[in-house]
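Written out below as structure tokens is the structure these notes cover.
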Amino acid sequence: MFDDPDTSALIQGEAEDLGIKYLNVIAGGANALAAKFPFTDLQSLVAGSSSFGNFDAAIFEKLGFQVTAVTPPEPYEALDRGMIDATQMGLAPMVSMAWYEVAPYWALDGT
Numbered sequence: 115m116f117d118d119p120d121t122s123a124l125i126q127g128e129a130e131d132l133g134i135k136y137l138n139v140i141a142g143g144a145n146a147l148a149a150k151f152p153f154t155d156l157q158s159l160v161a162g163s164s165s166f167g168n169f170d171a172a173i174f175e176k177l178g179f180q181v182t183a184v185t186p187p188e189p190y191e192a193l194d195r196g197m198i199d200a201t202q203m204g205l206a207p208m209v210s211m212a213w214y215e216v217a218p219y220w221a222l223d224g225t
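Residue numbers are given in our numbering: position 2 of the sequence shown equals residue 116, and the series is strictly consecutive.
Laid out in structure tokens, this is it:
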């Protein structure tokens, strides 16, 4: 939307009327799971993970994960350093932040 001059002008015009200035935009969309090890389903992801990194610990603990709380900017480094071995977030931001470099196994999670 921001790359198209017509759409961008509409968005920026509305934002200006509301006193908003966009500094950065990351697309959202579908969520995905990413891991440093191969998995075929949620059960194999839980079984293979010694530390699942996510900010929503209670949700993932109920699914059986041992969760290490990490905020959205932290997973790349946490995966790279071995602090976590799997995580979940929006697919588009994960791709734009190159998490595939440190966690090559991915699956859409259905949300």
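Ideal placement from N, C-alpha and C gives every residue a C-beta, glycine not left out. Model, not experiment: these values are computed from the prediction.
Contact between Ser163 and Phe179 holds, since their C-beta atoms are separated by about 6 Å, short of 8 Å. Here Leu193 carries a helix assignment [DSSP, helix/strand/coil]. Check the Cα spacing between Tyr219 and each of Ala123, Asp155, Glu128: the tightest is with Asp155. Judged by DSSP in its simplified three-state form, Gln126 adopts helix.
Per DSSP, Leu222 lies in no alpha helix (DSSP H); the unbroken beta strand (DSSP E) holding it starts and ends at 219 to 222. Contact between the region 143 to 153 and the region 205 to 222 is present: 3 or more CB-CB pairs across the two stretches fall below 8 Å.
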